[in-house]
Amino acid sequence: MLSITRIVFLFLIFCSSLDTFAENRDNINLIKDTVSQNIQFPYKQLILPASLIIYGTIETICSDKFHLMNYTVEHVVANHIDNKLTMDDVLQYVPIASIYTLDLIGIKAKSRLKDRIILSTISGTLVCIAVNTIKYTTKIERPDKSRRNSFPSGHTATAFMGAEFLRQEYKDVSVWYGIMGYTVAIGTGLLRMYNKKHWWSDVIVGASIGIISTRLAYWIYPT
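When you line the sequence shown up against UniProt numbering, it's residues 1 to 223, in that order.
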């Protein structure tokens, strides 16, 4: 027969093992919750830009028949603007370039340099695939009639991709970094219409593609 001392000793070991098991189970649950949170698809963040893509597509399809915003904007530009401003070719890259240059003046981004490079590569690839696939499938003529690859605007997509990237990386530092990025991106889109290179709907859809691509990049590669 086991002595009382041995029984107590075995009981303590048993209780200790239960505590260890409970602690490990809590750790496992915490890990599962963290992983689940990281891989959860950000569908709520895509509702607005996706809705704008739908609107822009409808605008493109129906504009000639119903004289919607495409017609209105093009009419204003054609009748009141003669000069061109080519700064949009450079302006489109300002937001994405800021992600790296702000480090040089001591303003640190949320993600490490390596992660930012990976994220920008992913979002840039998504933009390139989406924009070029749609461009050379739809073959919409530009307002200046120079080419049939107007829809959507690649310049605007690039600018808004960078603007959303800037917002994501610096929103905890100051909201103004995102505001400045989006201001530059909006300016890029306006210049594309000003220069008669794109329709209103091209710019709307391009902007939405840029935003979605960056948000998807953060989901694909959580930092």
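Beta carbons are placed, not taken as given, at the ideal position from N, Cα and C, and that holds for glycine.
C-alpha gap between residue i and residue j, whole angstroms
{"i": "Ile212", "j": "Ser150", "result": "20 Å"}
{"i": "Tyr55", "j": "Val127", "result": "19 Å"}
{"i": "Leu216", "j": "Val90", "result": "25 Å"}
{"i": "Thr158", "j": "Ile99", "result": "14 Å"}
{"i": "Ser201", "j": "Thr57", "result": "7 Å"}
{"i": "Gln92", "j": "Gln40", "result": "31 Å"}
{"i": "Asn132", "j": "His155", "result": "12 Å"}
{"i": "Thr125", "j": "Gly187", "result": "23 Å"}
{"i": "Lys145", "j": "Ile105", "result": "44 Å"}
{"i": "Lys108", "j": "Tyr177", "result": "12 Å"}
{"i": "Asp179", "j": "Ser120", "result": "The sequence given here has Ile at residue 179, not Asp. Approximately 19 Å, taken between the alpha carbons."}
Check whether residue i and residue j have beta carbons under 8 Å apart
{"i": "Gly189", "j": "Pro152", "result": "no"}
{"i": "Ile61", "j": "Ser208", "result": "no"}
{"i": "Lys196", "j": "Val77", "result": "yes"}
{"i": "Asp115", "j": "Thr223", "result": "yes"}
{"i": "Ile194", "j": "Ile81", "result": "The sequence shown places Tyr at residue 194, rather than the Ile named in the question. Yes, the pair counts as a contact, with Cβ atoms nearer than the cut-off."}
{"i": "Glu164", "j": "Gly210", "result": "yes"}
Same chain, Cβ closer than 6 Å to residue i, neighbours up to 5 away in sequence not counted
{"i": "Gln45", "result": "Arg215"}
{"i": "Gly162", "result": "Pro95, Ile96"}
Supposed close pair residue i, residue j - CB separation, criterion 8 Å
{"i": "Arg167", "j": "Asp88", "result": "Between Asp88 and Arg167 the Cβ distance is about 21 Å, and since that is not below 8 Å, they are no contact."}
{"i": "Ala185", "j": "Phe160", "result": "5 Å"}
Cβ neighbours of residue i in the same chain (closer than 8 Å, five flanking residues each side left out)
{"i": "Ile118", "result": "Tyr221"}
{"i": "Ser63", "result": "Met69, Asn70, Tyr71, Trp199, Ser201"}
{"i": "Ala172", "result": "Contrary to the premise, residue 172 reads as Asp rather than Ala in this sequence. Result list for Asp172: Lys110, in chain order."}
{"i": "His75", "result": "none"}
Same chain only: Cβ atoms within 7 Å of residue i, ignoring 5 sequence neighbours per side
{"i": "Pro42", "result": "Arg215, Trp219"}
{"i": "Glu141", "result": "Arg148, Ser150"}
{"i": "Pro49", "result": "Ser208, Ile211, Ile212"}
{"i": "Val203", "result": "Ser153, Thr156, Gly189, Arg192, Met193"}
{"i": "residue 227", "result": "With the chain running from 1 to 223 in the structure shown, residue 227 is simply not present."}
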